[in-house]
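Since the structure comes first, as structure tokens, the remarks are kept for the end.
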Amino acid sequence: SAERLAALTRIATSIAHDLRTPLLGIEQGLQGLQFFTDSQLSGEARQLVGDLHVGARLAVGIVQDILDLYRQAYGELPLSYTQFRLDQVVREVVDLLKLEIADRRLEITVSAPPAEITADQRRLYRVLVNLLDNAVKNSPSGGNVRIIVSVRDDGSARRAVVAVEDEGKGLDPAALDTLFEPNRPVTSPTRMGTGLGLYLCRIVIASHRGTIWAENRSEGGARFVFDIPAEVMHVDSTADRGRSTSVQAESANRP
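Here my numbering runs 182 ahead of the position in the sequence shown, where the first position is 1.
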């Protein structure tokens, strides 16, 4: 029932909130340990501390995702805009997932010229983590994952476009309409599930007044793309605020 679902959501959010503080403490402690002991630890010990720090960062990110989903369920997701280099954030995400990438012996190709945008850096970081993690999990061992970043002018404003491509089995055409929904099946015959990761991507991109979609590549595999304004778009009316939470999750090709 709706009441039971709401109760479970409150419980999950409460747990996530309680976990966030100790996880942040662990992450910051490992970061400090890594910084102060680099010259004192052996190569293996430095690698272990670094790996633990990465794991803590990923755990903190998941908890923050859950809290963001809860915030969005009870109103608009508040964004914190800063100016940053999108290409640098993409490379930071690749570095964060380097252990999983190495484990699957994947090659990551990044095509990302310098691109300065204004957006919520932390939340776009999580979108990129979810999309790259999805591509890595669904790529064959030894395959290639491509990340393509561009900033274009559509005539009225600059827009940032990011595409993540894999060489996996592709997307089930029957599931494309529900790919970014919270209640979609976690697994499919051709695609490993991503839980609520894609739903979070939808929410964050919609909050930026952007669009996100997925499609099958003619060469095989899948392509996930998002397109957002590269600068802050001011919203003045209630109607506009309502539209800012809409999103398109389409399989059609885009320019």
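We treat Cβ as the ideally placed atom computed from N, Cα and C, and that holds for glycine.
Starting from the Cα of residue i, find the closest Cα among the options and give me that residue.
| i | options | result |
| --- | --- | --- |
| leucine 279 | Glu298, Leu310, Asp269 | Leu310 |
| alanine 388 | Asn398, Arg340, Ala301 | Ala301 |
| glycine 352 | Gln303, Arg273, Glu397, Ser338 | Glu397 |
| glutamine 246 | Val386, Arg391, Trp395, Asp409 | Val386 |
| arginine 328 | Leu288, Ala339, Gly379, Leu378 | Leu288 |
| isoleucine 410 | Val276, Ser321, Glu298 | Glu298 |
| alanine 167 | Pro322, Ile248, Leu259, Thr291 | This structure gives no information on residue 167, because the portion of the chain shown stretches from 183 to 437. |
| lysine 319 | Ile248, Ile283, Arg304 | Ile283 |
| valine 414 | Arg405, Ile394, Trp395, His390 | His390 |
| glycine 379 | Glu258, Asn316, Leu259 | Asn316 |
| tryptophan 395 | Glu401, Ala412, Leu361, Leu382 | Leu361 |
Secondary structure at residue i, three-state DSSP: helix, strand or coil?
| i | result |
| --- | --- |
| proline 260 | coil |
| asparagine 320 | coil |
| alanine 342 | strand |
| alanine 294 | coil |
| arginine 334 | strand |
| arginine 436 | Summary for arginine 436: the model assigns pLDDT 42, below 50, so the residue's position carries little reliability; its value from the coordinates is reported in the next sentence. If DSSP states are grouped into helix, strand and coil, arginine 436 belongs with coil. |
| aspartate 277 | helix |
| glutamate 349 | coil |
| aspartate 315 | helix |
| valine 309 | helix |
| glutamate 282 | helix |
| alanine 412 | coil |
On the criterion of 16 or more Cβ atoms from any shown chain inside 10 Å, does residue i qualify as buried, or is it exposed?
| i | result |
| --- | --- |
| threonine 264 | exposed |
| glutamate 349 | buried |
| glycine 403 | buried |
| arginine 384 | buried |
| serine 321 | buried |
| aspartate 359 | exposed |
| valine 407 | buried |
| glutamate 347 | buried |
| threonine 369 | Only weak support is given to the placement of threonine 369: the predicted model assigns it a pLDDT of 49, under 50, and the value that follows is read from those uncertain coordinates. By the neighbour-count rule (16 or more Cβ atoms within 10 Å), threonine 369 is not buried but exposed. |
| alanine 356 | exposed |
| arginine 405 | buried |
| glycine 392 | buried |
| glutamate 363 | exposed |
| alanine 339 | exposed |
Ignore the nearest five residues each way along the sequence and tell me which others in residue i's own chain have a CB closer than 6 Å to its CB.
| i | result |
| --- | --- |
| serine 332 | Val343 |
| tyrosine 307 | Val271 |
| arginine 305 | Val386 |
| aspartate 335 | none |
Within a Cβ cutoff of 8 Å, which residues of the same chain sit near residue i, ignoring the five residues on either side of it in sequence?
| i | result |
| --- | --- |
| alanine 294 | Leu268, Asp269, Val272, Arg273, Ile329, Ile330, Val331 |
| leucine 261 | Ala301, Asp302, Arg305, Ser389, His390 |
| aspartate 277 | none |
| arginine 399 | Glu347, Gly352, Arg405 |
Less than 8 Å between the CB of residue i and some heavy atom of the ligand MG, yes or no?
| i | result |
| --- | --- |
| leucine 268 | Judged by which ligands are present, the structure shown has none, so any question about the ligand MG falls away. |
Skipping 5 residues on each side, what residues in its chain have a beta carbon closer than 7 Å to that of residue i?
| i | result |
| --- | --- |
| arginine 286 | Val318, Ser321, Ser323 |
| alanine 275 | Alanine is not the amino acid found at residue 275; the sequence shown has valine there. Counting only Cβ-Cβ distances below 7 Å, and skipping sequence neighbours, we find Tyr307, Leu310, Val311, Leu314. |
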